[in-house]
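Working notes, structure below.
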Amino acid sequence: MDYVSTRGSAPALDFAGVTLAGLAADGGLYVPREWPCFTAEEIASLAGLPYAELAQRVMQPFVGDCLAPARLLELCRQAYGRFAHAAVTPLKQLDQQQWLLELFHGPTLAFKDVALQLLGLLFEEFLARGGDPLTIVGATSGDTGSAAIDAVAGRAHVEVFMIHPRGRVSDVQRRQMTTVLAPNVHNIAIEGTFDDAQAMVKRMFGDPTVTARFHLSAVNSINWARLMAQVVYYFAAALQLGAPRREVAFAVPTGNFGDVFAGYVAARMGLPIAKLIVATNVNDILHRALSTGDYSAGSVTPTAAPSMDIQVSSNFERLLFDLNGRDGAALARQMDGFEASRAMQLTEQQRTGAAALFTSARADAGDMAHALRWASEACGEVIDPHTAIALHAARTAEIDASIPVVTLATAHPAKFRDAVERATGHRPALPARVGDLFEREERCAVLPGDYAAVVDYVASHAVPRS
Ligand SMILES: *Cc1c(COP(=O)(O)O)cnc(C)c1O
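Per the working numbering, residue 1448 is the first one in the sequence shown, and the count goes up by one each step.
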């Protein structure tokens, strides 16, 4: 399998190449040249497999011959062996139609572990075959940083620099990053906001004095391998609910459109998905795009579901590419227009194409609190604010009563204890596996919000190209 850019002019790469690359050289995102497809019999034969085996079977067509099946299976066993639940992503029934797919049993309590635990192993595997050591640089407002750090801590040939705005991430989130003492993990707290941190990271990627010396890479969800790993749990849930004989719908708390794009990939592979319900909070660019065709960025409103507080959803470009008949040159023009004006209108072809599989809903603070309380009072399930937004969307979408609706539960409620307590009156306890988080030693460099200071720090701790 090789991979092409959504903007049509970057060189094609194999799976190992796209795993180590960030953006394509033409500014686009890599996607498989074609979607592998399973027959109904092949899908039926996946039922009942342990998660790691299912993962290997679903991912092998994307990996091609970059990893032998036995090796990919080993890596999946290692990645998913670190989850605190034997099912890895257990499915729970809420009522006659509504289900919850718990994706937060990984080491850092958020669904990002599902992809990043595997990605850390893939980095190590491919880097061991030669090439320059990798310098991962990222900015985080919480969840991505802790999941990425946990995934690469102690891995060979990789150094990770994670920049967070000092005093602006929760205690749990900060400690999940700063108590990882592996020598290849470098936490940096800067004086400033998340946007300041993000701007510094972008500048580093465009700074030839940095990129000439270091092989920079990113771990955000533009990385194809992350999306690929997320396709697996759509299969896991749908198989349990009767696929391929029965259709299933999914409601997905959406920020960067990575998680829900993985659902789209599952549908392209032949999984019978009736609808993908894109759930947003008041930062609703995707809801507007899918319901009216208006994709225009405003300013971010902070909410109790911070991982969905976005202006622009990078992975939406991957969907637009497919809906455009995979015309990279046309999409490059459309995206250039968007980048210049921060607004664009979807074409009629893109709108009708999207409407065949996607629907969307927007939840405000009241909708979110209502869904949190419903889960707690009617179903005895304590959920987190991100999950609550998707559950609101699941319950308000008009899905035929015969079709099960699965809400993706993307974070453990203890990660957002204050918001959960405000809505339900209960303060969720941290699970035992992170219970001594507040006793562990922390390590973090505190730097001024100054680009030169951060670059100096990275340059003096990273391993240069050979
Ligand atoms: C990252 C994240 C999301 C959004 O996922 P995308 O792939 O960016 O759409 C939703 N919920 C939680 C808890 C997250 O950490």
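Where is the CB? At the ideal position from N, CA and C, for every residue including glycine.
At least one heavy atom of ligand 1 sits closer than 7 angstroms to the Cβ of residue 1700. The nearest non-hydrogen atom of ligand 1 is less than 7 angstroms from the C-beta of residue 1704. Around residue 1844, the same chain offers 1696, 1698, 1722, 1724, 1806, 1808, 1852 as residues with beta carbons nearer than 8 angstroms, after the five sequence neighbours per side are excluded.
According to the DSSP secondary-structure assignment, residue 1633 is paired through a beta bridge with 1608. For the 8 angstroms CB-CB criterion, residue 1645 and residue 1561 do not form a contact. The C-alpha of residue 1663 is placed about 7 angstroms away from the C-alpha of residue 1584. Here residue 1853 is bridged, per DSSP, to 1546, 1697. Note that the region 1521-1531 does not touch the region 1819-1839; fewer than 3 beta-carbon pairs, one per stretch, sit closer than 8 angstroms. Bounds of any beta strand (DSSP E) do not take in residue 1506; it lies within the alpha helix (DSSP H) bounded by 1498-1510. Under the DSSP assignment, residue 1656 falls outside any beta strand (DSSP E), being part of the alpha helix (DSSP H) whose first and last residues are 1655-1658. For residue 1734, the enclosing alpha helix (DSSP H) begins and ends at 1732-1739.
Looking at the DSSP output, residue 1680 bridges to nothing.
Measuring C-alpha to C-alpha distances from residue 1841 to each of 1815, 1738, 1661, 1692 identifies 1815 as the nearest. Within the same chain, 1770, 1771, 1772 come within 8 angstroms of residue 1796 by CB-CB distance, once the 5 residues on both sides are set aside. With a threshold of 16 other beta carbon atoms within 10 Å, residue 1606 meets it and is buried.
At a cut-off of 4 residues, the continuous stretches assigned as alpha helix (DSSP H) that sit fully inside the region 1549-1583 are 1559-1574.
Residue 1729 has its Cβ no nearer than 7 angstroms to any heavy atom of ligand 1. The region 1588-1598 makes contact with the region 1613-1625, as at least three CB pairs between them are under 8 angstroms. In this structure residue 1609 does not touch residue 1629 by the C-beta definition: roughly 12 angstroms separates them, more than the 8 angstroms allowed. According to the DSSP assignment, residue 1869 belongs to no beta strand (DSSP E) but to the alpha helix (DSSP H) extending over 1864-1871. Note that the C-beta distance between residue 1468 and residue 1460 is below 8 angstroms. By the criterion of at least three beta-carbon pairs nearer than 8 angstroms, the region 1563-1579 is not in contact with the region 1889-1899.
Residue pairing by DSSP puts residue 1805 in a beta bridge opposite 1723. A residue is called buried when at least 16 other Cβ atoms come within 10 angstroms of its Cβ; residue 1488 does not meet this threshold and is exposed. Restricting attention to 1540, 1559, 1757, the CA atom closest to the CA of residue 1825 is found in 1540.
Per DSSP, residue 1792 is one residue of the beta strand (DSSP E) stretching across 1790-1792. Taking the Cβ of residue 1858 as the reference point, at least one heavy atom of ligand 1 falls within a distance shorter than 7 angstroms. Here residue 1479 is buried: its Cβ has 16 or more other Cβ atoms, across all protein chains shown, within 10 Å.
Residue side-chain check: residue 1734 keeps its Cβ at 7 angstroms or more from all non-hydrogen atoms of ligand 1.
When beta bridges are read from the DSSP output, residue 1540 appears opposite 1546. Bounds of the beta strand (DSSP E) holding residue 1892 are 1892-1894.
If you check the CB distance, residue 1875 and residue 1861 come in under 8 angstroms. Secondary structure note for residue 1666: it is in no alpha helix (DSSP H), with a DSSP letter that is neither H nor E. One alpha carbon belongs to residue 1500, the other to residue 1685, and they sit about 16 angstroms apart. Under the criterion of beta carbons closer than 8 angstroms, residue 1634 and residue 1599 do not qualify as touching, at roughly 13 angstroms.
The continuous alpha helix (DSSP H) containing residue 1907 extends over residues 1898-1908.
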